[in-house]
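Visitor:
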Amino acid sequence: MTTTTLPNYLEDKQGKKGLMVWLTTHDHKRIGLMYLAALSVFFIVGVLIGILMRLELLNPGKDIVDPQTYNSLFTLHGVIMIFLFVIPGIPAVFGNIALPLIIGARDVAFPKLNLFSWYLYMFGAMLALGTLLVGDGPPDTGWTFYAPYSVKTGTNVTMAVFAAFILGFSSILTGLNFIVTIHRMRCPGMSWFKMPLFAWALYATSWIQLLATPVVGITLLMIAVERMLGIGLFDPALGGDPVLYQHLFWIYSHPAVYIMILPGMGVISEIIPTFSQRRIFGYKAIAYSSLAIAFIGYFVWGHHMFTSGMSGPARVIFSILTFLVAIPSAIKVFNWLATMYNGSIDMKPPMLYAMGFIFLFLIGGLTGLVNGALAADIHIHDTYFVVGHFHYVMFGGTGFAFFAAMHYWFPKIWGKMYSIKHATRAFWVLFTGFNILYFPMLVVGIMGMPRRYYDYLPQFHLPNEISTVGSWITVLGLVYMIVVLIQGMRKGEKAERNPWHGLTLDWQTDSPPTLENFEEIPTVTEGPYEYK
Amino acid sequence: MDEQKHHIVDYLTNIKVWVALAVLTILTVWVSEFNLATLTVAVALSIATIKAILVLSYFMHLKFDSKILIIMVLVTLVIFLSMIIFTFFDYLYRK
Amino acid sequence: MNSGASNFAQGVDMAFYVILGISVFFLVGITATMIWFVIRYNRKRNPVAKNIKDNTKLEIIWTVIPTILVLVMFYYGWIGYMPMKRVPNGALEVKATGRMWSWQFDYENGKSSNILVVPLNKPVKLNLYSPDVLHSLYIPAFRIKEDVVPGLNNTMWFTPTKLGEYDILCAEYCGIQHSYMLSKVKVISEQEYLTWYNEKAPESDTLEAVGMQVIKRLGCVACHSQDGSKIVGPTFKALYGSTRKVTLPDGSTKEVKADDDYIKLSINDPNAEVVDGYQKNLMQSYKTQLNDEEIKEVIEYLKGLK
Amino acid sequence: MSTNSQQPEVHHPVIHRDDTAKKLGMWLFLFTELILFGGLFLVYSIYRYLNPEDFSNGSHHLDVGIGALNTMILITSSLTVALSITAIQKNKPKLAIGLIVFTIFCALLFMVNKYFEWGHKIHYDLYPGTELFKALKPGEGLFYVLYYFMTGLHMLHVVVGAILLGIMANYIRKGMITHDNYVLLENGGLYWHLVDLIWIYLFPLLYLIH
Ligand code: HEA
Ligand code: HEA
Ligand code: CUA
Ligand SMILES: [Cu+2]
């Protein structure tokens, strides 16, 4: 291909000025960047809250905040991290930026709807943060909003619940957009099994977004109605059943954890073959396992309710299905490993983050298996072991995949390159801090420390101390990483089209890509990883 | 769902479907007058399902659309029904 | 993990160790392989990759083996859990009430206590009851936990196998004092238990007023301080006789004097007159748990708190 | 992946109209609507299972006549929407507009009926919060809460659907929907049929199953 005559997407102004260029854009890459900007801000708020919580937990008794404040902190931390960060995370940012590129399309199927999703997201986010400022204080229910406490408490739950409702619709519309895009806009020659695995992962994710999210929408609406009109759908005094609320909540929120992790796995499936310069091993196995996780993931929600008073047979069924859903994840890990065998491995930052992902996701996934066992979960449920588990999978998994994606597509997005040396160092700080922060949580959980505890018994002191120190190192690593990336964005060297020598279509166009991605829509004749 | 010639459902077919739906509505109301004990729910839901299939296949064109769309509808229904069934695994066995 | 002190500890720990063992094996194995590949096939050492075709046999192997392993894990989880559902006949029944934010244990003979006292090696069945929100009764040393759900009669049982005192914690988030909703389970020999069980409430051996004892036993102190500070309810200090501004259910407000009738109403129907600046619905009615006699004692005690 | 140029020299290719994509998008949206109501159906079925007597009592107090009438109205309106699509396909825009207007008229009728139905109950203080309501058995209370919630949400969809169809009629008038470009009308129709489809289940579940 010759060099392009079209302006690249970052320069093009379309006759508009200042921020309006961005706020009215229909370009998928710009919308992706707008998500990135918003997401980073919320994410940093979430991290700060995390740090505050860790400070409070440094010693038993009061360190810095009151119990009521602490309860609001972990609720906001959970709501922000889940609904504003990990769920939209990879699809909204890197899905938007990279999906049309890797399938050789000019944009997503419904560009206007895409922008609308962003506005919905912002509106929902503002509502969520608004709970801090108006009414009777931020919600103190935990991100799970369990009835009947969420109905009784005087804090601003109604608004938070509406926020989650709106955010859900943003997520649904993104999913809808991607499904149609993948069905209709693959470039000529790209049959389903010539499609890059990131697209497969997004496809599976989108189906979960579409079919699971409405359940939480209607459930949270019921909570809101119950609070506003006092009509009890879950209030035992009025014949309701609080456990039914839990069913409805987890019918969505378990599949939601796969909304978080599948796109991350998709990113890893792109990075590993590129940096090993090898054909991915078991392409079909990885593609199918995404679909399998998405499908089986619908039927395991009960594992969050093993101590809720759910009937025995239901516990057994949910436990066994939980174990089955772990297998497709295992298949992916093994195939990634096999892809490295006999490759030519280049340990650049994206690959480092991918390796970090595998290690941390392994710990997260394997502790998930402990949770899934009936007997073990009776002891472990609602303790810090679970907190450790989900930080390993969400932050060690999705978070690290997010970082990997950020380092991988960085040159494509900005047309510049960050400092490889410093990015590598930042990784090691982050990785070390991470393990010091979260591993003690697993230990203290096994010792029996429940979660959502403002204060704890003296025997839990030491692990908590270590964990808090770890949180400082983690944040150091994070700051380091962000500084390196921002430096690269501002003053980095000009990047080539294809610095990592990838074969997927995103690397075949300019960096940064032109306004409509490709001079001409490409035609493919081979699978996406046919390294010679 | 590839570009295919659009199939036109003619007026008469639509009207026939409408007649069927109307008859089924009357039927279901009529049946509900009897006490069918445990069958009540089953009968009412079966009739509703026949009506739904009619609406889906003719009014909503599903019968003339591509296979993949039908598969999607089925997957959605399977997932929806499983949500109910799996929740019942809890309630059926509570003591 | 501290060593277990109930009949379930072994089953739970077994499931835990089996899964932990398999997990450590895979974690170490996979990580080591990964590191080895990174070194062995580094671009410097191996500049040109060798492409290897997919291998169906391998795919099947690493699908089937994990499947078998997870079924093993499931099996241990299941057998560890099964006995938790089968309460033996003749178990000692205790009603365990979890409320915001205290535990109360009522025995069959009417004895009531804030700590759970049980005899060694005798099965004990707890009938879980909550008047307000979700709680969860968790005894780490016994490896058991079950939610206390309002409106549902959940139960749990165990046989303590070691003498001693163990922590009881609330494991389901239940509001501001969730982390202070603690208690103990005290395992004593059967003989000691019988004496404890049959002795009358220790009236004379404490200097505490009866009203005070009631307030402690029913957990009022979790919400009402006696030193003037605000927890979630108004302090008891100087309450009696003062003028209260209250809101009625229809939204109107009025001023009332905190006399006997007012306090009685506050205890029996807390939402009828809600004190200004406090939240309704938090305090539950204690109608069924306090008789007039006891309410009188409470009032007497409150009078003394100047 | 090897690439080669397919259509040289086209700089700004006309992105061709993709009706199938639009229709697929609409279907996907309908799936989410279905699951949204699905959550309520789930709650309904569990509470019905737990309180069979109370639910049956509750449904005895609903007016089957009005329910059946509304069912007929919705079925008819579904028919007229379907016919309007046939009409536009056969290039009869006037007829299509007429049929849509009739559909919207049906929607209004439906709401008038609902108004009387709800109004009747509210007149008797049978709504959450009243003394009468509090005196109900818990299961009956749940039944009515679900009744209001489900029919209320459904009615919201009727309103939205009617507005959508109104817009479509206007598009036909302005020539934006024509015999060879009618996917918007099809989508409006699909939405309307969904409203019908949900009612097909609501009707027996709430009114008929004693
Ligand atoms: C990104 C999010 C994410 C992901 C991917 C997962 C993945 C898994 N989770 Fe996790 N989970 C959460 C997020 C996530 N979880 C959250 C947020 C909570 C708490 C919610 C709350 O209460 O607030 C939670 C809670 C939670 C519980 C409830 C605990 C409790 O409250 O008591 C359970 C119980 O079964 C569980 C299980 C699992 C399992 C089995 C997997 C599996 O999918 C893991 C599969 C992966 C592997 C197994 C690793 C790879 C395997 C190999 C390399 C091979 C070796 C393996 C075998 C031999 C099989 N999770
Ligand atoms: C992805 C989700 C996510 C992330 C990243 C984090 C990050 C952190 N979390 Fe967590 N946490 C949750 C999700 C998350 N959390 C949830 C859902 C709960 C449950 C809430 C509830 O109980 O209701 C919880 C609860 C929770 C608790 C338990 C509270 C309790 O039960 O009492 C604690 C305690 O220390 C804690 C600490 C921290 C700390 C110190 C951090 C961080 O501050 C550590 C520092 C993090 C980093 C340094 C960077 C991570 C970076 C990325 C993932 C991507 C970066 C992207 C961009 C820059 C754009 N969190
Ligand atoms: Cu009670 Cu937490
Ligand atoms: Cu889960």
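Chains as they are written, first to last, in our numbering: chain A, 3 to 534; chain B, 345 to 439; chain C, 7 to 312; chain D, 21 to 230. All residues carry an ideal CB built from backbone N, CA and C; glycine is no exception.
Taking contact to mean at least 3 C-beta pairs separated by less than 8 Å, is the stretch 237-257 of chain A in contact with the stretch 145-161 of chain C?
Guide: They touch, by the three-pair rule.
Visitor: Any heavy atom of ligand 2 within a distance shorter than 6 Å of the CB on Thr73(C)?
Guide: No, Cβ of Thr73(C) sits at least 6 Å from all heavy atoms of ligand 2.
Visitor: Can you tell me whether DSSP reads His230(C) as helix, strand or coil?
Guide: strand
Visitor: Buried or exposed, going by whether 16 or more other CB atoms sit within 10 Å of the CB of Leu217(D)?
Guide: buried
Visitor: From the beta carbon of Asp354(B), is the nearest beta carbon of chain A less than 7 Å away?
Guide: no
Visitor: Strictly under 7 Å for the Cβ-Cβ distance: is Ala377(A) near chain C by that measure?
Guide: yes
Visitor: Per DSSP, what are the beta-bridge partners of Met495(A) in this structure?
Guide: Residue 495(A) is actually Glu in this sequence, not Met. Answer by DSSP bridge pairing, in chain order: Met419(A).
Visitor: Are there 16 or more other CB atoms within 10 angstroms of the CB of Trp42(C), so buried, or fewer, so exposed?
Guide: exposed
Visitor: Closer than 8 Å by beta-carbon distance: list the chain A residues that pair up with Val179(D), in chain order.
Guide: Result: empty, since nearest Cβ-Cβ is about 17 Å, beyond 8 Å.
Visitor: Whose C-beta lies closer than 7 Å to the C-beta of Gln109(D) among residues of the same chain, with five residues either side of it excluded?
Guide: Answer for Gln109(D): His199 and Tyr202, listed in chain order.
Visitor: Name the chain C residues that come within less than 7 Å of Lys334(A), Cβ to Cβ?
Guide: Ordered by position in chain C, no residue passes the 7 Å Cβ test against Lys334(A), which lies about 10 Å from the chain.
Visitor: With C-beta atoms as the reference, is Thr207(A) less than 7 Å away from Pro265(A)?
Guide: Less than 7 Å divides the Cβ of Thr207(A) from the Cβ of Pro265(A).
Visitor: Using a Cβ-Cβ cutoff of less than 6 Å, which residues in the same chain neighbour Asp211(C) once the five nearest sequence positions on both sides are dropped?
Guide: The predicted position of Asp211(C) is uncertain, since its pLDDT is 49 and thus under 50; a value taken from the coordinates is nonetheless stated next. Result list for Asp211(C): empty, nothing under 6 Å.
Visitor: On the three-state DSSP scale, how would you describe Ser189(C)?
Guide: strand
Visitor: Using 7 Å as the limit for Cβ to Cβ distance, is Pro94(C) near chain A?
Guide: no
Visitor: How would you list, in chain order, the residues of chain D whose beta-carbon sits under 8 Å from the beta-carbon of Ile39(A)?
Guide: It should be pointed out that residue 39(A) corresponds to Ala in this sequence rather than to Ile. The contacting residues do not exist; Ala39(A) stays about 27 Å from chain D at best.
Visitor: Helix, strand or coil for Glu119(C)? Go by DSSP, reduced to three states.
Guide: Looking at the sequence provided, one finds Ser at residue 119(C) rather than Glu. Ser119(C) falls in the strand class under three-state DSSP.
Visitor: Under 7 Å between beta-carbons, which chain B residues line up against Met92(D)? List them in chain order, please.
Guide: Ala366 and Thr369
Visitor: Please name the residues in the stretch 379-410 of chain B whose beta-carbon is closer than 7 Å to at least one beta-carbon of chain A, in chain order.
Guide: Per Cβ criterion, the list is empty.
Visitor: Going by DSSP, what residue range makes up the beta strand (DSSP E) through Cys176(C)?
Guide: Gly170 to Cys176
Visitor: Tell me whether Met307(A) sits in a helix, a strand or coil according to DSSP, three-state version.
Guide: coil
Visitor: Pick out whichever of Val477(A), Pro140(A), Leu478(A) and Thr516(A) has its Cα sitting closest to the Cα of Ala107(A).
Guide: Sorting Val477(A), Pro140(A), Leu478(A) and Thr516(A) by C-alpha distance to the C-alpha of Ala107(A) places Thr516(A) at the top.
Visitor: Regarding Thr155(A) and ligand 2, is the C-beta to nearest heavy atom distance less than 6 Å?
Guide: no
Visitor: From this set, Ala226(A), Ala406(A) and Asn98(A), which residue's C-alpha is nearest Ile422(A)'s C-alpha?
Guide: Checked all of Ala226(A), Ala406(A) and Asn98(A); the closest Cα to Ile422(A) is Ala406(A).
Visitor: Does the separation of the CB atoms of Asp379(A) and Phe436(A) fall below 7 Å?
Guide: no
Visitor: Would you list the residues sitting across from Ile1(A) in a DSSP beta bridge?
Guide: The structure shown does not extend to residue 1(A), since chain A is modelled only from 3 to 534, so the question has no answer here.
Visitor: Nearest CA to the CA of Met443(A): which residue from Thr434(A), Ala425(A), Glu467(A) and His424(A)?
Guide: Glu467(A)
Visitor: Nearest chain B C-beta to Ser79(D) closer than 7 Å, yes or no?
Guide: Chain B, which has no Cβ nearer than 7 Å to the Cβ of Ser79(D), makes this no.
Visitor: Would you say the beta carbon of Ser255(A) is closer than 6 Å to some non-hydrogen atom of ligand 2?
Guide: no
Visitor: Can you check which of these residues, Leu156(D), Gly58(D), Glu73(D) and Lys134(D), is closest to Ala239(A) by C-alpha distance?
Guide: Leu156(D)
Visitor: Listed in chain order, which residues of the stretch 177-195 of chain C have Cβ atoms closer than 9 Å to some Cβ of chain A?
Guide: Ala177, Glu178, Tyr179, Cys180, Gly181, Ile182, Gln183, His184, Ser185, Tyr186 and Leu188
Visitor: Who are the near neighbours of Met196(D) in its chain, counting only those whose CB is closer than 8 Å to its CB and skipping five residues on each side?
Guide: Leu204
Visitor: By DSSP's criteria, Tyr144(C) is part of a beta bridge. Which residues make up the other side?
Guide: Note: Tyr144(C) sits in a beta bridge opposite Lys151(C) and Leu175(C).
Visitor: Comparing C-alpha positions only, which one of Thr26(A), Met124(A), Asn10(A) and Thr77(A) sits nearest to Gly48(A)?
Guide: Thr77(A)
Visitor: Quick one: does Gln285(C) have its CB under 7 Å from some CB of chain A?
Guide: yes
Visitor: At 4 residues or longer, what runs of the alpha helix (DSSP H) sit wholly inside the stretch 81-138 of chain D?
Guide: 84-109
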